[in-house]
Structure formats: structure tokens, C-alpha cells
Amino acid sequence: MVLDFERPDRYAFEDRNQSWFRRRKREGGMNRRSFGIAGLLLAAALSIPALSRPALADPVGTYDVTGINPDDGGEYQGTVAVRRTGETYSVEWTIAGMSSTGVGIGGRRGNTATTGVASVDDDMITIGYGNGSGFGISQYDLQPDGSWKGHWAYGDGETISTETWIPTGRSRSLERPKAPAGEAMKPMSSPAARP
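Read in numbering that gives the first Met the number 0, the sequence shown has 83 at position 84, and its numbers run on one by one without any break.
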């Protein structure tokens, strides 16, 4: 290598096998800075699909639950556990000391919604559930923050209600009910026994 005295900021190489970066800089091509910027732009472009997709697309786990009782509008809290059992999901809610169990099928949203075999790629889950007092149906969608939000109804109901699942152990705490929920809970009761 020899120093080019006409342009002291550049090196003149006698050997063509010298560093690609230095040769490109001397020839007026991409320098290290341009290459770094191009790399950052490529990384940003590749991450855009990941940013538009919800996080943690598998519904399997344990969640803290908050919801609204359609009977009286009271809020309730509890837990729900979701397990993959073959091609379906097994779901168990515990709310106000009562348990409801359900079976669910998975689904994915895209240009159209599809349902089918339970999968780690599911961002939607549809569940039929019940206990000794009755049955119901619910559907939940994965949110960008990793929570699941959905709607549910009693088997003989005329209204729907909402429920949110937040992964257990999440630093974000659940809001306390604004008013006592009494027996406001997901487990169903017969219409005559409802408040």
C-alpha cells in the first residue's frame, strides 16, 4: 500500500486483493457508513411484518381474567387456563370459586378467518363451555400486547358480553371492579336463578 499524496485522505492500493470496503471507497462506491445505513434500512424493512402481527400467537397458558356479566353489568375477575389437547384446546375458568370448562378450536385471521386444528400459530380461539348450570359460547382474538379479548354469551342468552385475558405474571395489573360484582361471573345459571 502506498499513500496517494494528491489525495491524502485516500489510500492507493497496488494490490487489487485489498479490502473491498477500502477499494469501494477509493472508487467512489459504498463506504462503511453507507453500507451500515443500508443494513439498518434492510433490518427495519424485514421487521415491519413482525410489528404488524400480534405477539405470542399461541393461546396456551394461564391468564388473569376480567369481564362483564350480561345479566347485571357487574364486573368479575378470575383465572383461565388453556391447554392444547390433541386437535382442540381444553379451557378452564375459575371465577368466584366456581369452575367452568370448555373445548375450543383454533383459528387464524388474515384476508379471511380460518378455523381448525389447535396450533401454536392461532391468533383466534372459539370455545363452547359449560358447568352444572348451563352452557355458552365464546370467541377471543389475540391483541398486539399479548392479551386476548373476546365476546361470550349464555346458551339461552339474548345478549353478549366481553372478557379480557391477560397473561399471568404480566407486570400490568388488572383493574379492580368499579362495583361489587356479587354473583357476576361467567359460569351460567338458569334464567330464573339469574339476578
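All C-beta atoms, glycine included, are put in the ideal place defined by N, C-alpha and C. Computed from a prediction, not measured in an experiment: that's the story for all the values here.
Please report the residue range of the beta strand (DSSP E) in which residue i lies.
i, result
"S118", "Run containing S118: none; DSSP gives neither H nor E here."
"A80", "E74 to T84"
"D63", "G60 to I67"
Can you tell me the Cα-Cα spacing of residue i and residue j, whole angstroms?
i, j, result
"G60", "R82", "7 angstroms"
"R52", "G106", "Low per-residue confidence applies at R52: pLDDT is 46, beneath 50, and the placement is therefore not dependable, though the value from the model is reported in the following sentence. If I take the Cα positions, the gap works out to 15 angstroms."
"D57", "T111", "19 angstroms"
"M123", "R108", "7 angstroms"
"G85", "D121", "14 angstroms"
"G115", "Y88", "11 angstroms"
"I165", "S146", "5 angstroms"
"G195", "P69", "There is simply no residue 195 to check, as the chain begins at 0 and stops at 194 in what is shown."
"A117", "I67", "27 angstroms"
"Y128", "T161", "15 angstroms"
"A95", "G103", "22 angstroms"
"D155", "T163", "22 angstroms"
"P186", "M97", "Any reading at P186 must be qualified, since the residue scores a pLDDT of 47, below 50, and its modelled position is unreliable; the value itself is stated next. If I take the Cα positions, the gap works out to 7 angstroms."
"E74", "V64", "10 angstroms"
"T158", "E91", "22 angstroms"
Taking the DSSP output, what are the residues bridged to residue i?
i, result
"I165", "D63"
"Q138", "T125 and H150"
Is residue i helix, strand or coil by DSSP?
i, result
"E157", "coil"
Problem - Every unbroken beta strand (DSSP E) within the stretch 87-135, with a cutoff of 3 residues, ordered by chain - result: List check, beta strand (DSSP E) in window: 87-94, 97-107, 113-115 and 123-130.
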